[in-house]
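**Q**
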Amino acid sequence: MLRKFFAAPLSWLYGLAIAIRHKLFDWGILHVEEFDIPIVCVGNLAVGGPGKTPHTEYLIDILRKDHKVAVLSRGYKRRTRGFVLADNNTSYLRIGDEPRQIKMKFPDIPVAVCENRVKGIKQLRKLHPEINLIILDDAFQHRYVDAWVNVLLMDYSNPPYKDKFLPLGRLRDSAKQMSRAQLIVMTKCPDYIKPIDIRVAINNLNLYPYQTLYFSKFRQGDLIPIFPEHETAIPGKGANIIAMSGLANNNNFYDSLKGNYNLLQTLSYPDHHSYKVRDIQKIRRIISNMPEDTAIVVTEKDAVKLTNRKKIPVELQRKLFFVPIEVMFLDGGKVGFKRQIEQYAKTNHKYRILHPE
């Protein structure tokens with residue numbers, strides 16, 4: 221109660237600052253840059269993880285068949301500044317864990333980070349003139365770039381109409397800004413959504429005719445060893461595991477594992493946590509008191525930060541696995557989403573001309 225008392229005025233001030241900033245863009249006082257190639261923006265309104273990286277990877281997979289795709293992110297929590305173009309050996313410390321995950325999964329796709337997206341786009345195109353489509357990861361608030369299409373993600377369990385501005389709630393942007401998005405995806409949905417739940421969401425979001433709402437969930441794949449050079453048996457259903465996670469919501473990850481594995485213990489860390497030697501030592505102490513066949517299971521994002529062989533002894537390397545996840549659209553939404561994204565990528569609706577192949 222006391223927290224809400226102090227948080228309420230701060231939340232109001234935060235909302236006021238956000239509203240003024242958007243007005244400066246709307247009035248043309250803050251300049252917006254336009255580009256002659258498709259810019260696909262992926263973002264959200266709230267802090268936390270609605271699954272931007274998996275959905276960005278989904279978009280890469282759709283679009284790379286017909287386009288020379290590149291990805292630009294700000295590189296949250298990286299230890300560098302300015303523009304950095306990733307190669308296949310670039311550390312997550314230089315570009316951030318999520319861009320590193322994308323680069324590992326798509327080594328042939330140019331991936332770069334830059335807090336100034338306008339400069340980042342120009343530099344990317346200078347270094348890779350063949351690029352004809354750029355995906356901006358986590359850039360819905362970065363209005364300095366005029367995106368051809370905005371894909372707005374929101375957690376099914378915490379939609380904007382149930383939320384409040386920081387620090388009272390988790391909103392970092394106004395729910396009114398949903399109007400800038402053409403495609404809206406409610407993520408992390410249950411396996412089955414009743415028609416009444418869909419109608420409630422549509423009514424509460426109050427979407428415009430040009431906006432389309434989709435629903436998605438994550439499907440887990442089989443465990444993959446972080447260090448595949450070791451001959452290690454892949455833990456099957458019912459295996460003993462310790463789950464370790466550094467996400468915005470670690471409990472969601474743990475809950476997703478309980479149906480397939482015998483979860484003995486969990487180790488939770490803050491989002492984007494960078495694992496230190498003391499963390500590795502703690503894991504060794506815990507695993508030493510567990511059954512011999514116990515595996516350590518982490519998220520894809522955490523796996524990126526656990527690839528330093530110098531920090532991790534071999535006996536622990538053999539026990540480390542990550543869970544790959546795949547985006548699945550519900551209620552037949554996969555075909556419609558793919559068709560709309562491809563249409564926006566090929567057609568410049570703003571200028572009403574067909575973008576050259």
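Heads up: the sequence shown is residues 221 to 577, going by my numbering. Ideal Cβ positions, reconstructed from N, Cα and C, are used throughout, including at glycine.
(1) Just verifying my parser: in three-state terms, what is the DSSP assignment at ALA367?
(2) Quick check on DSSP: helix, strand or coil for GLU350?
(3) Count the other CB atoms within 10 Å of the CB of ARG298; is the residue buried (16 or more) or exposed (fewer)?
(4) What are the start and end residues of the beta strand (DSSP E) that includes GLN485?
(5) Just the C-alpha distance for THR310 and GLY295, rounded to the nearest angstrom, thanks.
(6) Since VAL333 sits in a beta bridge, which residues does DSSP pair it with?
(7) Which value, in whole angstroms, describes the spacing of the CA atoms of LYS384 and ARG390?
(8) So is THR300 buried or exposed if we call it buried at 16+ other beta carbons inside 10 Å?
(9) In whole angstroms, what separates the C-alpha of VAL518 from that of ILE454?
(10) If you run the structure through DSSP and keep just helix, strand and coil, what is VAL580?
(11) Rounded to whole angstroms, what's the CA-CA distance from ILE404 to LYS342? Just pull it up for me.
(12) Could you give the DSSP three-state label for GLU253: helix, strand or coil?
(13) Compare the Cα-Cα distances from GLU253 to each of VAL291, LYS502, ARG337, ASP393 and report the closest residue.
(14) Thinking C-alpha only, which one of LEU236, HIS242, GLN563 is nearest GLN397?
(15) Within 10 Å of its beta-carbon, does GLY419 have 16 or more other beta-carbons around it, so buried, or fewer, so exposed?
(16) How about the segment 536–545 and the segment 438–452: do they share at least three Cβ pairs that are nearer than 8 Å?
(17) How many whole angstroms separate the CB atoms of VAL524 and MET324, which I take to be in contact at a CB cut-off of 8 Å?
(18) Please tell me whether LYS200 and LYS437 are closer than 8 Å, where the distance is taken between their beta carbons.
(19) So if DSSP puts GLN440 in a beta bridge, which residue, or which two residues, is it bridged to?
(20) Among HIS287, THR514, TYR474, which one has its Cα closest to the Cα of THR567?
(21) Is PRO270 buried or exposed, if buried means 16 or more other CB atoms sit within 10 Å of its CB?
(22) Going by Cα to Cα distance, which pick from ARG392, ILE329, ARG320, GLU335 is closest to PHE303?
(23) Determine the closest residue to ASP551 out of LEU536, ILE413, GLU535, ILE500, with distance taken between C-alpha atoms.
(24) Is the segment 346–361 touching the segment 548–563 in the sense that three or more CB pairs, one from each, lie closer than 8 Å?
(25) I'd like to know whether the C-beta atoms of LEU353 and VAL289 end up nearer to each other than 8 Å.
(26) Is DSSP giving SER465 helix, strand or coil here?
(27) Going by beta carbon distance, what residues of the same chain come within less than 8 Å of SER231, once the five residues before and after it are set aside?
(28) If we ignore side chains and look at the alpha-carbon of each, how far apart do GLU512 and LYS272 end up?
**A** Judging by the given coordinates:
(1) As a first step, residue 367 must be located in the sequence shown, where it is residue number 147. In the structure shown, ALA367 sits in coil (DSSP, three-state: anything other than H, G, I, E or B).
(2) Counting from one through the sequence shown, the residue named residue 350 turns up at place 130. DSSP places GLU350 in coil when its eight states are reduced to three.
(3) Taking the first residue of the sequence shown as 1, we reach residue 298 at position 78. By the neighbour-count rule (16 or more Cβ atoms within 10 Å), ARG298 is buried.
(4) Residue numbering aside, residue 485 sits at position 265 when the sequence shown is read from its first letter. Taken as a continuous stretch (DSSP letters only), the beta strand (DSSP E) holding GLN485 covers 482–488.
(5) As a working note, residue 310 is residue 90 in the sequence shown. As a working note, residue 295 is residue 75 in the sequence shown. The alpha-carbon atoms of THR310 and GLY295 are separated by roughly 13 Å.
(6) Position 113 of the sequence shown, counting from 1, holds the residue named residue 333. Its beta-bridge partners are SER293, VAL304.
(7) What you label residue 384 is simply residue 164 of the sequence shown in a count that begins at 1. What you label residue 390 is simply residue 170 of the sequence shown in a count that begins at 1. Distance between the alpha carbons of LYS384 and ARG390: 6 Å.
(8) In the sequence shown, counting from the first residue as 1, residue 300 sits at position 80. With fewer than 16 Cβ atoms within 10 Å of its Cβ, THR300 is classed as exposed.
(9) For this step, residue 518 is matched to residue 298 along the sequence shown. For this step, residue 454 is matched to residue 234 along the sequence shown. Going by the C-alpha atoms only, they are around 14 Å apart.
(10) No statement about residue 580 is possible, as the shown extent of the chain runs from 221 to 577 and does not include it.
(11) Position 184 of the sequence shown, counted from the first residue, corresponds to residue 404. Position 122 of the sequence shown, counted from the first residue, corresponds to residue 342. Answer to the nearest angstrom: the Cα atoms are 28 Å apart.
(12) Numbered from its first residue, the sequence shown carries residue 253 at position 33. Note: GLU253 maps to strand in three-state DSSP.
(13) Your numbering for residue 253 matches position 33 in the sequence shown. Of VAL291, LYS502, ARG337, ASP393, the residue nearest in Cα terms is ARG337.
(14) For the purposes of this step, residue 397 is taken as residue 177 along the sequence shown, with counting starting at 1. For GLN397, the nearest C-alpha among the options comes from HIS242.
(15) For the purposes of this step, residue 419 is taken as residue 199 along the sequence shown, with counting starting at 1. In the sequence on display, residue 419 carries Arg and not Gly. Under this definition ARG419 is an exposed residue.
(16) yes
(17) For the purposes of this step, residue 524 is taken as the residue at position 304 of the sequence shown. For the purposes of this step, residue 324 is taken as the residue at position 104 of the sequence shown. About 7 Å; that satisfies the 8 Å criterion.
(18) Because the chain is modelled from 221 through 577, residue 200 falls outside the range shown and cannot be assessed.
(19) As a first step, residue 440 must be located in the sequence shown, where it is residue number 220. In the DSSP output, where bridge partners are listed per residue, GLN440 has ILE545.
(20) For the purposes of this step, residue 567 is taken as the residue at position 347 of the sequence shown. When each option's Cα is compared against that of THR567, the closest is HIS287.
(21) As a first step, residue 270 must be located in the sequence shown, where it is residue number 50. Under this definition PRO270 is a buried residue.
(22) In the sequence shown, residue 303 corresponds to position 83, counting from 1. Measuring from the Cα of PHE303, the nearest candidate turns out to be GLU335.
(23) By 1-based counting over the sequence shown, the position of residue 551 is 331. Checked all of LEU536, ILE413, GLU535, ILE500; the closest Cα to ASP551 is ILE413.
(24) no
(25) Start at 1 with the first residue of the sequence shown, and residue 353 comes out as number 133. Start at 1 with the first residue of the sequence shown, and residue 289 comes out as number 69. Against a cut-off of 8 Å, the Cβ pair of VAL289 and LEU353 comes out as a contact.
(26) Taking the sequence shown and counting its residues from 1, the one referred to as residue 465 is at position 245. SER465: strand per DSSP, three-state reduction.
(27) Walking along the sequence shown from the start, residue 231 turns up at place 11. The answer, listed in chain order, is LYS384, PHE385, LEU386, PRO387, LEU388, GLY389.
(28) In the sequence shown, the residue the question calls residue 512 occupies position 292. In the sequence shown, the residue the question calls residue 272 occupies position 52. Taking the straight line joining both Cα atoms gives about 36 Å.
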